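Below is one structure, written out as structure tokens; the observations come after it.
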Amino acid sequence: MGRVVLGVAVGVAVAACAVAAVMVGKRVRSGNKWRRVVGLLRELEEACETTVGRLRQVVDAMAVEMHAGLASEGGSKLKMLLTFVDNLPTGCEKGTYYALDLGGTNFRVLRVQLGGENSSIVDQDVQRQRIPQHLMTGTSEDLFDFIALSLLQFIERKENGSEQSKQMRELGFTFSFPMKQTSVSSGILIKWTKGFAIENMVGQEVAGCLQQALARRGLNMRVTALVNDTVGTLALGHYYDADTVAAVIIGTGTNACYLERIDAIIKCQGHLTTSGGMVVNMEWGNFWSSHLPRTSYDIELDAGSPNPNDQGFEKMISGMYLGDFVRRVILKMSQETDVFGPISSKLLEPFTLSTPSVAAMHEDDSPELTEVERILKHDLEIQDVSLKVRKLVLKICDVVTRRAARLAAAGIVGILKKIGRDGSGGIAGGRRSDINIRRTVVAIEGSLYAEYAMFREYLHEALNEILGEDIAQHVVLRLTEDGPGIGAALLAASQSTLRVDSVQQS
Ligand code: ADP
Ligand code: MG
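In full-length UniProt numbering, the protein residues as written are 1 to 506.
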């Protein structure tokens, strides 16, 4: 009996040792896995590093590229497109104007009633709708028919068949893709961005396409202002505040425009404007510099995009891409360890994680990170991850968003440097804090900036770091919602060839 007990006791002890050995082995292996994941996170952080020194290099590169793009066609990756907008709205515009805003994710139809003084917008109606996916890659006729029909239905609802509807009206059209403008109301599409790809449109006159579609619907309207969303935003910013000199969009894509002296636009020599200036659409999404902190994820994201080697700055900053960048990091970690469990098919699929989901995870302040858990489950079919792994995901969102926002800030300071509003002596000068700096307003629009508080905070923080408090206090970033559309209506008003009081006033 005693021997049996001893035998059982020894057997139990051996089994216990074996179990313990397996447990320890597992822990070691999971410890290794966790170290690998942390290693990948550290690599990501290092590769995304945006020290003030590096951001200042990006600022300088932006200012240099701006010069090059203004000097000659094709002189830089920055197209620095002429807009022929030489006068910005002043606040005295009067009448009722319509506008269309075709930008990316959403399409907007607007009607704006302008009071005629003190920058007063008496009334405004905005109708938003998503652009059906199939129209983004179909034919130009289908796209413009959809736009014209939406406008027709909107006008019918607003005007209810009144006499006014028979009068000729002037329309502002915001078309946020690179165009070679030939006047303030005409331009040729250079290329599509942001997921649009309608083959027969590139090289065509954009206002003409819309004009034909309006005629097919029997609409008596003329496109008098064809503008980019940045230009619309600058127009609205300037309508409210005459110190507004630049506008930046941070939404599906990213871009900027600013008011330049006409004599600094070398490539449009001989062109005179009454104001002595012209708005330049930078198309900064295509900016590139070796100083940008590029990671292996950027390279893969670019290679898998419909437009490789294009829009490099945009792909590091804008809403179309941030979600997919985060997905790629999680995928890499899943491939190298099993901390996320088995690799789900959703995780392998591009663009399954959206930027609003990244924002929601990043801003999850619940103790258990329940929103992170929900989104991982819902968007990526990643189940049952520990709190430690949820914290890791939150950190990835932070690193990616912080880099994006800080690069956008560097871009803005690049513009300020180019126009001598950054407190330095211009492109050749060193930094000076004794300089008498003017108040400078930059209008900003786009849901990534408007809706994502952490993005905004990081952007503002970087702006202060780069400029220094003394200079930064003179720079105002002003959220200018619906700027692209309302601004186009304002430009239609300021470009109006009709007698404002008799014809346009409602
Ligand atoms: P568009 O640029 O198409 O004119 P928006 O300015 O509304 O339209 O930007 C839409 C983009 O903004 C979306 O692609 C999305 O990535 C991003 N976005 C929208 N809402 C949020 C949010 N809450 N947080 C972060 N990003 C957002
Ligand atoms: Mg937009």
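Glycine included, each C-beta is placed from N, C-alpha and C at the ideal position. Here the structure is a predicted model, which means the values were calculated and not measured.
Item                                                                                                                                                     : Value
Verify whether the separation of the beta carbon atoms of L477 and I444 is less than 8 Å.                                                                : yes
What residue from S76, W288, H271, E368 has the CA that sits closest to T182's CA?                                                                       : H271
Per DSSP, which one or two residues make a beta bridge with residue 518?                                                                                 : Coverage of the chain is limited to positions 1 through 506, which leaves residue 518 absent and any answer about it impossible.
Please classify G429 as buried or exposed, where buried requires at least 16 neighbouring CB atoms within 10 angstroms.                                  : Because G429 sits at a pLDDT of 47, beneath the cut-off of 50, its placement in the model cannot be relied upon, and the point is left open.
Below 8 Å, how does it come out for the stretch 134-146 and the stretch 181-197: are there three or more Cβ pairs, yes or no?                            : yes
Is there at least one non-hydrogen atom of the ligand MG closer than 7 Å to the beta-carbon of S318?                                                     : no
Find the nearest neighbour of A246 within the set T252, G253, A450, G237, judged by alpha-carbon distance.                                               : G237
Provide the residue(s) that pair with M221 in DSSP beta bridges, ordered along the chain.                                                                : R169
If you drop the 5 nearest sequence neighbours on each side, which residues of the same chain put their C-beta closer than 6 Å to that of G312?           : W288
Quick check: the Cα distance between R56 and A207, rounded to an integer number of angstroms?                                                            : 39 Å
If I'm right that G91 touches E117 with Cβ under 8 Å, what's the distance once you round it to whole angstroms?                                          : 7 Å
What is the rounded straight-line gap between the Cα of G74 and the Cα of M66?                                                                           : 12 Å
Which partner residues of K180 appear in the DSSP bridge assignment?                                                                                     : I188
Hey, out of A409, M454, P342, A303, whose CA is closest to V399's CA?                                                                                    : M454
Given a threshold of 16 other Cβ atoms within 10 Å of its Cβ, counted over all protein chains shown, does G285 qualify as buried or as exposed?          : buried
Would S185 pass as a contact of T244 if the rule is Cβ separation under 8 Å?                                                                             : no
Where DSSP assigns a beta bridge to V227, which residues make up the other side?                                                                         : T174
Under 8 Å, do E451 and A359 count as touching if we go by C-beta distance?                                                                               : yes
Got a sec: does the ligand ADP put a non-hydrogen atom nearer than 7 Å to the Cβ of L459?                                                                : no
So does the stretch 258-275 actually touch the stretch 323-338, counting three or more Cβ pairs closer than 8 Å?                                         : no
Here's the rule: buried if 16 or more other CB atoms are within 10 angstroms of the residue's CB, otherwise exposed. What is G125?                       : Note that residue 125 corresponds to Asp in the displayed sequence, not to Gly. By the 10 Å Cβ count, D125 comes out exposed.
So within the stretch 294-334, which uninterrupted alpha helix (DSSP H) runs reach at least 4 residues, ignoring any that extend past its ends?          : 296-303, 312-317
Helix, strand or coil: which one does DSSP assign to C92?                                                                                                : coil
With DSSP run on the structure shown, which of helix, strand or coil describes A21?                                                                      : Unreliable placement is indicated for A21, whose pLDDT of 45 sits below 50; the coordinate value is still reported in the next sentence. Three-state result, A21: helix.
Report the option in I250, P306, Y297, Q473 whose CA atom is closest to the CA atom of C48.                                                              : Y297
Could you tell me whether any non-hydrogen atom of the ligand MG is closer than 7 Å to the CB of I249?                                                   : yes
Between the stretch 465-477 and the stretch 251-266, are three or more C-beta pairs nearer than 8 Å?                                                     : no
Using C-beta distances below 6 Å, list every residue in its chain close to F84, excluding the 5 sequence neighbours before and after it, in chain order. : Q181, S183, V184
DSSP state of A256, grouped into three classes?                                                                                                          : strand
Assuming D101 and T193 make a contact with CB atoms under 8 Å, what is their CB distance in whole Å?                                                     : With a Cβ gap of about 16 Å, D101 and T193 do not count as contacting.
Check whether the stretch 366-373 and the stretch 310-326 touch, using three or more Cβ-Cβ pairs below 8 Å as the test.                                  : no
So K315 packs on V59, CB below 8 Å; how close in whole Å?                                                                                                : Actually they do not touch by this definition, with Cβ atoms about 20 Å apart.
Can you name, in chain order, every residue of its own chain whose Cβ lies under 6 Å from the Cβ of F351, other than the five neighbours on each side?   : D324
In three-state terms, what does DSSP make of R261?                                                                                                       : strand
Work out the CA separation of V413 and R42 for me, nearest whole Å.                                                                                      : 28 Å
Would you list the residues sitting across from D123 in a DSSP beta bridge?                                                                              : Q113
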